[in-house]
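Before any comments, here is the structure.
There are 2 protein chains.
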Amino acid sequence: MARPATEELRRRNRAALLEQLHRHGPQTRAELTEALGLNRSTIGGLAADLSESGHLQETTGRSTGSAGRPSTLVECVAKSVSVAAVELRFDRVRFALTGLGGEVLDRGELPLEASAGADAAAAATASLLDGAEVAEAVAAVPGLVSGGVVGHSSELGWDGTDLGAALAEATGRKWRVTDAATAGAVGEWSRGDAGEARNLMYLHGGRGLTAGIAVEGRARPGSSIQLGHIVVEPGGRECRCGMRGCLEAEMGAFGFTEAIETTTVAADLGDTKAREALRRSGQYLGRALGAVVTAVGPDEILFGGWLRELYLSSAAAVRSALAETTLPQLRSGLRLRTPALGAEGPLIGAAETGFEAIIDEMR
Amino acid sequence: MARPATEELRRRNRAALLEQLHRHGPQTRAELTEALGLNRSTIGGLAADLSESGHLQETTGRSTGSAGRPSTLVECVAKSVSVAAVELRFDRVRFALTGLGGEVLDRGELPLEASAGADAAAAATASLLDGAEVAEAVAAVPGLVSGGVVGHSSELGWDGTDLGAALAEATGRKWRVTDAATAGAVGEWSRGDAGEARNLMYLHGGRGLTAGIAVEGRARPGSSIQLGHIVVEPGGRECRCGMRGCLEAEMGAFGFTEAIETTTVAADLGDTKAREALRRSGQYLGRALGAVVTAVGPDEILFGGWLRELYLSSAAAVRSALAETTLPQLRSGLRLRTPALGAEGPLIGAAETGFEAIIDEMR
Chain Z
328 MARPATEELR RRNRAALLEQ LHRHGPQTRA ELTEALGLNR STIGGLAADL
378 SESGHLQETT GRSTGSAGRP STLVECVAKS VSVAAVELRF DRVRFALTGL
428 GGEVLDRGEL PLEASAGADA AAAATASLLD GAEVAEAVAA VPGLVSGGVV
478 GHSSELGWDG TDLGAALAEA TGRKWRVTDA ATAGAVGEWS RGDAGEARNL
528 MYLHGGRGLT AGIAVEGRAR PGSSIQLGHI VVEPGGRECR CGMRGCLEAE
578 MGAFGFTEAI ETTTVAADLG DTKAREALRR SGQYLGRALG AVVTAVGPDE
628 ILFGGWLREL YLSSAAAVRS ALAETTLPQL RSGLRLRTPA LGAEGPLIGA
678 AETGFEAIID EMR
Chain A
328 MARPATEELR RRNRAALLEQ LHRHGPQTRA ELTEALGLNR STIGGLAADL
378 SESGHLQETT GRSTGSAGRP STLVECVAKS VSVAAVELRF DRVRFALTGL
428 GGEVLDRGEL PLEASAGADA AAAATASLLD GAEVAEAVAA VPGLVSGGVV
478 GHSSELGWDG TDLGAALAEA TGRKWRVTDA ATAGAVGEWS RGDAGEARNL
528 MYLHGGRGLT AGIAVEGRAR PGSSIQLGHI VVEPGGRECR CGMRGCLEAE
578 MGAFGFTEAI ETTTVAADLG DTKAREALRR SGQYLGRALG AVVTAVGPDE
628 ILFGGWLREL YLSSAAAVRS ALAETTLPQL RSGLRLRTPA LGAEGPLIGA
678 AETGFEAIID EMR
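Line order of the protein sequences matches chains Z and A. Sequential numbering from 328 applies to the first sequence in the numbering used here. Sequential numbering from 328 applies to the second sequence in the numbering used here.
The structure is reproduced here in structure tokens:
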């Protein structure tokens with residue numbers, strides 16, 4: 328006999344069930360029983376609650392076992408709850424409307440003029456949202472984010488810009504603002520293939536270089552790391568930020584942000600100057616990562632944005648510089664990889680950040 | 328009327344009451360009502376439970392108000408729950424037996440021979456513990472700690488040393504092993520004056536240099552930072568760890584670990600060589616902190632161990648190097664200070680780590 332659950336416990340289990348289906352897709356009641364460690368009748372009750380509220384439905388799905396009798400699957404109703412997500416880049420705003428379970432219901436993109444401010448970005452966002460009713464709205468911005476304020480973004484040229492206020496003004500609702508690299512980590516953990524990583528670091532290469540961390544899939548508060556402003560060459564090149572020898576300044580000298588592909592193609596064709604530029608850049612990147620790995624101790628690093636190309640072209644230089652700047656104990660379990668979701672991590676992660684908030688709210 | 332609390336809720340409130348009294352000392356029921364946001368009858372019931380279990384007692388305490396009528400104070404019974412804590416240093420094992428509420432019931436210290444291994448440290452610990460019955464036992468070790476294993480400790484010369492197993496063998500009970508810097512952060516947050524810091528970083532200067540973080544007073548898992556192995560001079564001096572240009576190697580050249588006081592005294596007396604050594608060291612420390620601050624974003628840094636002396640003698644150099652290696656947005660809210668508990672932070676923090684586990688267990 329099931330012990331009669333208190334309403335609090337039942338609420339928590341309901342959230343766990345929804346999270347399970349949102350993250351892992353349609354499942355049979357037997358699979359849910361197994362995954363959640365609850366008994367069948369409890370699962371039945373919870374599923375009934377969530378069906379009544381319109382979040383779940385049961386369908387006759389795939390056949391299981393040798394008898395081939397199709398089993399009933401429990402699945403999310405995508406349109407029952409949706410999240411708006413935007414990702415800001417220096418030249419565009421990308422938008423996705425995502426339903427419960429992760430289905431993308433709508434997507435869009437609008438150009439952003441060079442040196443656009445928060446108001447222009449918010450206006451583009453409002454236009455992409457087009458009045459859609461959503462439970463949560465999340466904006467991913469490459470930069471240092473705290474509350475709704477972007478403290479610094481090399482990509483957008485923003486310093487102390489209140490994007491949260493501009494979005495609220497333009498759309499008439501509250502937005503969460505997260506940094507794109509942290510969103511990338513959340514996205515790759517939830518929907519990519521990095522779900523095994525406990526302390527996942529995502530590097531985001533755009534016009535600036537940032538890094539973000541998800542600890543067991545959750546954005547670590549204050550995890551927005553200005554990777555591009557790790558000093559890799561004390562007293563080196565002057566950076567836009569006013570400091571000297573920042574990773575961004577040293578790498579920027581190679582013009583990669585604009586032309587990583589040209590350089591890697593040239594290197595592949597045997598251009599020694601291009602090869603040397605990639606090697607030096609990989610070395611600087613590895614050196615910056617050495618400091619970050621020492622401070623943060625990730626178990627997996629994903630090279631996102633154009634850092635993907637750089638990593639693929641200079642992995643040996645990155646690894647060798649990392650070995651020169653990180654204790655072996657911190658490197659031994661560390662995996663370096665490219666992201667499974669390609670360039671989509673930050674946008675998908677922004678949507679997942681919204682769903683996480685929704686499910687947490689249910690608990 | 329109070330809504331009848333479920334047993335789960337009651338348990339959680341009981342833990343909250345005990346935590347409040349453990350951290351803040353004796354309080355009246357009225358103060359507890361205010362602090363916990365529970366009503367008087369609930370507080371009364373919880374206090375009765377905890378008095379019955381021997382954790383709390385009510386005493387006639389200080390007089391309040393103009394009438395001067397002494398009010399009844401609720402306080403912890405120190406001996407009802409105790410925690411054993413040890414701090415390992417290169418030359419000694421320090422021990423404290425701490426009761427609920429933070430009262431130190433017993434303390435001791437035993438020398439440790441140079442290059443002592445885990446077995447010697449564990450034997451000294453067993454001897455200091457002297458068979459005392461404790462609810463939790465925690466060892467603080469300056470180094471990289473994961474589970475019971477010390478991955479690296481410059482202070483002790485350990486690499487991959489299973490201290491947890493040695494302690495279990497020597498004392499017949501389970502020990503938590505934490506790094507001393509993280510314990511320092513927890514100690515200063517709980518019992519020092521850093522309780523306002525959300526993201527508190529404690530620097531521990533011994534034979535090695537480590538750093539640890541407490542987020543809202545709690546050890547951040549995996550927060551053990553090998554500050555001494557941040558590379559501050561690419562291609563610089565060879566370090567014991569095999570890398571080049573590590574902070575420890577560059578600073579070690581000045582021999583501070585052994586003789587910080589001699590150097591600061593000499594500098595005070597006008598010795599220009601000593602002054603220059605302190606300035607250069609402060610600069611290297613600031614540079615290493617720049618990378619760590621960029622990666623971790625603390626709002627307060629405490630200079631513990633001999634780094635306290637170094638910081639007091641070279642604060643300008645530390646701050647100026649930090650300014651050259653950290654974005655202004657990350658520096659603006661950052662406080663640099665010396666620890667309120669002097670050298671006691673790590674040992675006190677180890678004890679607090681034990682009480683945190685005990686109170687969490689009650690929830």
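For each residue, glycine too, the CB sits at the ideal point set by N, CA and C. Just so you know, these numbers come straight off a predicted model, no measurement behind them.
(Q) Out of G532(A), P548(A), E603(A), I587(A), which one is the CA nearest neighbour of L574(A)? (A) Among G532(A), P548(A), E603(A), I587(A), the Cα nearest to that of L574(A) belongs to G532(A).
Q | is_contact[P353(A), chain Z] using C-beta, thresh 8 Å | A | Closer than 8 Å: no.
(Q) From the DSSP secondary-structure annotation, give me the bridge partner or partners of L471(A). (A) Bridge pairing for L471(A): H479(A) [DSSP].
Q) What are the residues that DSSP puts in a beta bridge with W485(A)? A) According to DSSP, W485(A) bridges with S480(A).
Q: To the nearest angstrom, report how far apart R606(A) and V476(A) are at their CA atoms.
A: Each residue's alpha carbon lies about 36 Å from the other.
Q | Chain-ordered neighbours of M570(A) on chain Z, where CB pairs are closer than 7 Å | A | In chain order: E651, T652.
**Q.** Inter-residue Cα distance where the pair is A594(A) and L612(Z)
**A.** The straight-line gap from Cα to Cα measures roughly 39 Å.
Q. Who are the near neighbours of D433(Z) in its chain, counting only those whose CB is closer than 7 Å to its CB and skipping five residues on each side?
A. Counting only Cβ-Cβ distances below 7 Å, and skipping sequence neighbours, we find L424.
**Q.** Ranges of the alpha helix (DSSP H) found wholly within the region 339-385 of chain Z, counting only runs of at least 4
**A.** Runs of the alpha helix (DSSP H) spanning 4 or more residues and lying entirely within the region 339-385 of chain Z occur at 356-363, 367-379, in chain order.
**Q.** Simplified DSSP state of F323(A), which is helix, strand or coil
**A.** The displayed coordinates of chain A run from 328 to 690. Any statement about residue 323(A) would go beyond what the structure contains.
Q. Between L483(A) and chain Z, is there a C-beta pair that is closer than 8 Å?
A. Chain Z has no Cβ within less than 8 Å of the Cβ of L483(A).
Q) Cα-Cα, which of F422(Z), A453(Z), D506(Z), F417(Z) is closest to E700(Z)? A) Given that chain Z is displayed from residue 328 to residue 690, the structure contains no residue 700(Z) and the question cannot be resolved.
(Q) Can you list, in chain order, the residues of its chain with a C-beta nearer than 6 Å to that of G660(A)? Leave out the 5 residues immediately preceding and following it. (A) A distance below 6 Å between beta-carbons, with the five flanking residues on each side excluded, links G660(A) to the following residues of its chain, in chain order: D626.
Q) L471(A) versus chain Z: which residues are under 8 Å apart at the beta carbon? A) Proximity of chain Z to L471(A) at the Cβ level (cut-off 8 Å) is accounted for by L654, Q656, L657, in chain order.
Q: Report buried or exposed for G681(Z), applying the criterion of at least 16 other Cβ atoms within 10 angstroms of its Cβ.
A: With 16 or more Cβ atoms within 10 Å of its Cβ, G681(Z) is classed as buried.
Q) Is any beta-carbon of chain Z found at less than 8 Å from that of T621(A)? A) Yes, T621(A) lies at the interface with chain Z (some Cβ there is under 8 Å from its Cβ).
**Q.** Residue range of the alpha helix (DSSP H) that includes L674(Z)
**A.** Note, L674(Z): alpha helix (DSSP H), 672-689.
Q: Pull out every residue of the region 525-558 of chain Z whose Cβ sits closer than 7 Å to any Cβ of chain A, in chain order.
A: Those would be N526, G549, I552, Q553, H556, I557, V558, in chain order.
(Q) Give me, in chain order, the residues of the same chain whose beta-carbon lies closer than 6 Å to that of T665(A); leave out the 5 immediate sequence neighbours on both sides. (A) Counting only Cβ-Cβ distances below 6 Å, and skipping sequence neighbours, we find F630, R635.
Q: Note down the Cα distance separating N340(A) from T387(Z), rounded to an integer number of angstroms.
A: C-alpha separation (whole angstroms): 46 Å.
(Q) Check for me: the beta strand (DSSP E) holding R434(A) runs from which residue to which? (A) Where R434(A) is concerned, the enclosing beta strand (DSSP E) stretches over 431-438.
Q. Between I557(A) and A615(A), which are expected to be in contact by the criterion C-beta below 8 Å, what is the C-beta distance as a whole number of angstroms?
A. In this structure I557(A) is in contact with A615(A), their Cβ atoms being roughly 4 Å apart against a cut-off of 8 Å.
**Q.** Cut-off 8 Å between Cβ atoms - residues of its own chain near R525(Z), not counting five sequence neighbours on either side
**A.** If we look at R525(Z) and ignore the five residues flanking it on each side, its Cβ neighbours are V542, E543, D626.
Q: Pull up the DSSP beta-bridge partners for A412(Z), would you.
A: Under DSSP, A412(Z) shares a beta bridge with A423(Z), V465(Z).
(Q) Can you find the residues in the same chain that come closer than 7 Å, C-beta to C-beta, to S640(Z), ignoring five residues on each side of it along the sequence? (A) Hits under 7 Å: T591, A594, L605.
(Q) So, for P331(A): in the same chain, excluding its five sequence neighbours on each side, which residues have a beta-carbon less than 8 Å away from its beta-carbon? (A) Any reading at P331(A) must be qualified, since the residue scores a pLDDT of 49, below 50, and its modelled position is unreliable; the value itself is stated next. Cβ neighbours of P331(A) beyond the five flanking positions: none.
Q. For the 8 Å Cβ check, are there 3 or more pairs between the region 667-674 of chain A and the region 500-512 of chain A?
A. Contact between the region 667-674 of chain A and the region 500-512 of chain A is present, because at least three Cβ pairs lie under 8 Å.
Q: Please confirm if the region 456-465 of chain Z is in contact with the region 475-489 of chain Z, defined as three or more CB-CB distances below 8 Å between the two stretches.
A: Flag = no, the region 456-465 of chain Z and the region 475-489 of chain Z do not touch.
Q: Can you give me the start and stop residues for the beta strand (DSSP E) that T537(Z) sits inside?
A: The continuous beta strand (DSSP E) containing T537(Z) extends over residues 536-542.
Q) Just how far apart, CA to CA, sit P655(Z) and G428(A)? A) Straight across, the Cα-Cα distance linking P655(Z) with G428(A) is about 41 Å.
Q.
Quick check on E335(A) - is its C-beta less than 8 Å from some C-beta in chain Z?
A. At least one beta carbon of chain Z lies nearer than 8 Å to the beta carbon of E335(A).
Q. Is the Cβ of G617(Z) closer than 8 Å to any Cβ of chain A?
A. Yes, its Cβ sits closer than 8 Å to a Cβ of chain A.
Q. L305(A) to R350(A), Cα distance in whole Å?
A. One cannot answer for residue 305(A) here, as it falls past the ends of chain A, which runs 328 to 690.
Q) Residue range of the beta strand (DSSP E) that R503(Z) falls in? A) From DSSP, the beta strand (DSSP E) with R503(Z) extends over 503-506.
**Q.** Close beta carbons around L400(A), own chain, < 8 Å, minus the five adjacent residues each side
**A.** Within the same chain, P353, Q354, T355, E385, T386, T387, G388, R389 come within 8 Å of L400(A) by CB-CB distance, once the 5 residues on both sides are set aside.
(Q) With DSSP as the reference, identify every bridge partner of A546(A), one or two as the case may be. (A) Per DSSP, A541(A).
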